[in-house]
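What follows is a short report on a single structure.
In this note's numbering, the protein residues as written are 39 to 255.
Following this line, the structure appears as structure tokens:
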């Protein structure tokens, strides 16, 4: 746990250090809408075999750029996570966990005014607002089938790459993909517990739209 907290602290310090380098000039400030899908998995130890599934991911963003090639992006998003299992006899189990998420990302870009390639890195916290099970197993006693999640609060490191097309009149359009590396666990991970690890992982693909409020001068 101490090592996980160190990683999160280093990521946060990196963002604050980047912000301290900004020059004092008119920033570019943009509001954004993020709409996409997430391919969620849960990293279990002991391992649980899972099937592919796709869920909804979307939210709003505020981007602040006050220096060439570097900015900060804060988001508020809703994301459906969880996992799906199935057996050879056709039985299945799925758990959907709905999260409210708050990423804080360093935004680094290269390119000209009309087209930019970018990467985004930073920490994210999230809170589970509800969970829902769909279970067709008969009399299952598997821990993850019968036990609700024990930790609603979660945190992770987020990294992504994307392409931005910029127009002068109608705003900026993005295609982006991200990897979400969970650090926290949804189940208790003490020595006596069933799972030593149960962390959210996910690949997110989205189409984003940003509208500039202020532009660089």
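The beta-carbon is built from N, C-alpha and C at its ideal position, and this holds for glycine as well. Remember, it's a predicted structure, so these values are computed and weren't measured experimentally.
Report buried or exposed for residue 252, applying the criterion of at least 16 other Cβ atoms within 10 angstroms of its Cβ. exposed
Should residue 128 go down as buried or exposed, given a rule of 16 or more other Cβ atoms within 10 Å for buried? exposed
Measuring CA to CA, which of 106, 189, 72 and 87 is closest to residue 100? 72
Rounded to whole angstroms, what is the Cα-Cα separation between residue 81 and residue 235? Approximately 7 Å, taken between the alpha carbons.
Candidates 120, 161 and 168, of which the one nearest residue 237 by Cα: 120
Residue 220 to residue 183, Cα distance in whole Å? 21 Å
Which of the three DSSP states, helix, strand or coil, is assigned to residue 184? If DSSP states are grouped into helix, strand and coil, residue 184 belongs with the helices.
N- and C-terminal bounds of the beta strand (DSSP E) containing residue 205: 191–205
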